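Read the structure below first, then the notes.
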Amino acid sequence: MKLYKQIASYSNLVLGFDKVSENDGMPGSDGVSINAFEENLHESILQLKNQLESFSYKPEPLLMLERSKVDGTKRILLIPSVKDRVVQSSAYHLLYPIIDKELEEDTYAYRQGFSREAAVRKIHSLFNLGYKWILDADISHYFDRINHDLLFNRLQEIIPDKAVIDLLKKWIKAEYIWCNQKYFLTKGIPQGAVISPLLANLYLDSFDEGISKQGLKLIRYADDFIILTKSKSEAEKALEITTDLLNMLQLEINTDKTKITNFDSGFKYIGYIFLKSLVLTASPKDTSRPLVNSHNTPQILKTSTTKYPKDKKIVPDENKFSSSVFGDALLKAIYNKGISLNQFYQSLNDEIAAATLSSEEDAIKEIIEYQENTNEIVEESKKFLLAPESKPHISILKHTLYIQEQGAVLKKDSNKFVVIKDERELIDIPIIKIKEIFIFGNCTVSPSVMQTCLRSSIPIILLSSRGKYFGRLDSTDISHGDLTRFQTLRTFDNEFLINFYKKTLFAKINNSKVFFQRHFRRKGNEHLQILINYLKNLIAKIELSINIDELRGLEGNAAAAYFSSFGLLFDSRTGYHSEKFIRVKHPPTDPINSLLSFGYTLLGSIITSFIFARNLNPYIGFVHQLRPNHPALTSDIIEEFRVIIDSLVVQIINKHILSNNHFYSVKEPGMPCFLTNLGRKIFLHQFEIKLHQKTPYPLFGTNLDFIKCIDLQVQQLVQYIRGEISSYQPYTINY
């Protein structure tokens, strides 16, 4: 029962909802959407928890849909309701490590750390070892023919929790609706259910083991697999073995899609075309990451068929082209270039071409490689209009593009970025208008966008749908090694470290003090006055400190005093006024902490962008300790600017721009509080407005927006690191 209780726990159900939210998707048969479920998340999760614990949980009927496949055939999808997807996601999270360790290494679909690209590399390595013959096979109607008894017998062997098995049976033997009639699944598993891919892999595990015991080389991706052999006779024998093993699972080979071939003739598998040592993506729409070229990895060539005349009949000059998958792709690419196959051959034999093309592979690459338009944008584009309210989760304001509509795809169209979801264009904006891109959760960025951003130095910042920072895609510049050397050496310069720490700590405490003074001016409070005096005393001690430890002590005392009184800044009518606020970070457990953490994450990403832009290393800091995956220099600089986020949070709450309805809060101790989709949109909009507000900049004595202030501070730090200036002047605010 221990595993079942974990599945039914509040915390795992919340994690399940997060995953469902990121994956987006339509409502089930009950008509409840993800947004509707989220509106009363606490009650919805609590109801599911109670139903599971009392064993009264019953899944909603599956919604049956027909989807057209690329080959024109139909695929039947059975979609669970949102609440059932939440429970399944909770179960998936806990069952995945149990089931995955049972699987063989040659199974690549639906697994963390496995990918199509990894499968391609494995195929190519076997090719280099002499495995040139292929049994290219497919299982007939695999998902629809899985035997329930065999599946659950296998599950019972590895999951000794009857309650979990019963729960899985409710999902697999589910009721579904078709043409207003109710049916039950007597075999097969529902395509569209969260749990199905995991179970589909497990069901074929005995097949994988059987192939391995025969000494055969298997590469399986879901129900599509190939077996590599060194001879045609071995491939034929592999077909017999495969048929027998599948029969034991009450499955059959799809004879129409199964064949014996080799690398010389070429074959297509999991979206790639294999021909001898070449590997090509099978479609220009393919979004796989390119494989890295090396001595032991295949060369990936991207074919383009956009110019090929569909009504033109191809008559190959050589029979070998008509008998291979690669032939058609190559011929289409040649026609795109406006030449015939004979001309192509002539170019290969031409002495000039031979002098410039080192091999046939290079010649093919020269012909078919996709040529992207790289013309630089030299003129200002037409004025861009902000997205209307009908586009709820795409926010654009002054060079920053936020994409948080789950399932959206960011593409490049000529000189524009275009956001598309479900074949509908949500928004487009000239590339020249974009300075950086924030991607939240399950949103896709096309390879052409990545390439454009790398060339144009537009960073792509990746976060979870809830705002947790994952990382960034950014261009690199190795021409400033001298600055990196200076920066690294400064970490050993104790005098530099202490002086820099004193400056940034002064700014942090001073800005905190002034922030409270401004509030005290509008609304007197004896407690706030005590805090202000305490911060003044700490500031006076900064210059007297002689080492890093003393400064850390002052910083810790200032932070504790500051946040303990932070709740006094909120109006009593908001419901957030408190005489004892507690800063909680990992995870934030209330709306105020949630806003602070989200705001600091966004601000840190902005600062990191400027650090990169000025050729500094964000991971080499001077105040914060160096540790893996922590941008220490970003943490150093953000201390001067935390007041931006603190004042923004107070303003948003006191002006009722955000309220309790914009959060869903898990009411169990230690559980996170998150912004809703609408809440994030509102906060992002207010964050952008705040960044572009004018503020006095002490170094110049003039008013600049916060964005410019941050950049100037980073530039000043570069000068200080190089020794071009004798002192660092931090960003401070005045009363």
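Residue numbering for the sequence shown follows my numbering, beginning at 105 and increasing consecutively. Using N, Cα and C, we set each Cβ at its ideal position, and we do this for glycine too. No experiment lies behind these values; they were computed from the predicted model shown.
query: Reduced DSSP category for C777 - H, G, I as helix; E, B as strand; rest coil; result: strand
query: Three or more C-beta pairs below 8 Å linking the region 152-165 and the region 241-259; result: no
query: Beta-carbon gap between L152 and V191 smaller than 8 Å; result: yes
query: Nearest residue (CA-CA) to I652, options K607, K539, F624; result: K607
query: Runs of beta strand (DSSP E) lying entirely within the region 739-804, each at least 3 residues, in chain order; result: 767-769, 777-779, 798-801
query: Residue closest to I686, alpha-carbon to alpha-carbon, out of L350, D128, G671, L308; result: G671
query: Neighbour-count burial assignment, R189, 16 or more Cβ in a 10 Å radius; result: buried
query: Cβ-based burial, A512 [other Cβ within 10 Å; buried from 16]; result: buried
query: Which listed residue (D675, K812, R215) has its alpha carbon closest to that of N758; result: D675
query: Inter-residue spacing [alpha-carbon to alpha-carbon] between P692 and H146; result: 16 Å
query: Residues sharing a beta bridge with N366, DSSP; result: W237
query: The region 225-245 contacting the region 361-371, beta-carbon criterion three pairs below 8 Å; result: yes
query: Coarse secondary structure for V727, derived from DSSP in three states; result: coil
query: Under the three-state DSSP convention, the category L322 falls into; result: strand
query: Contact check, N721 vs Q819, beta carbons under 8 Å; result: no
query: P732 in three-state terms, based on DSSP; result: coil
query: Anticipated Cβ contact below 8 Å, Y801 with I742, distance rounded; result: That pair is no contact at about 17 Å.
query: Nearest residue (CA-CA) to I315, options Q285, Q295, T347, K286; result: T347
query: Rounded separation between N615 and R677 - CA only; result: 26 Å
query: Of the residues Y287, L303, I837, the one placed nearest I263, counting alpha carbons only; result: L303
query: Nearest-angstrom Cβ-Cβ length linking L699 and H623, presumed shorter than 8 Å; result: So it is not a contact: roughly 17 Å between Cβ atoms.
query: For V522, three-class secondary structure by DSSP; result: strand
query: Segment limits, alpha helix (DSSP H) that includes E338; result: 336-352
query: The region 555-562 touching the region 538-546, judged by at least three CB pairs closer than 8 Å; result: yes
query: Cα-Cα separation, L343 to D360; result: 14 Å
query: K266 versus Y196, F159, I564, residue with shortest Cα-Cα distance; result: F159
query: Residue environment, E529, which counts as buried when at least 16 other CB atoms sit within 10 Å; result: exposed
query: Buried/exposed call for E630, threshold 16 Cβ in 10 Å; result: exposed
query: Cα-Cα separation, S300 to S682; result: 48 Å
query: Which residues DSSP lists as bridging W275, in chain order; result: Paired residues: none, contrary to the question.
query: L821 burial status per 10 Å Cβ neighbour count (16 or more: buried); result: buried
query: Cβ pair G292, R249 closer than 8 Å; result: yes
query: Burial state of K617 (16 or more Cβ within 10 Å); result: buried
query: Helix, strand or coil at K515 [DSSP, three-state]; result: strand
query: Paired residues, beta bridge with N807 - DSSP; result: P800
query: Rounded separation between S137 and L567 - CA only; result: 23 Å
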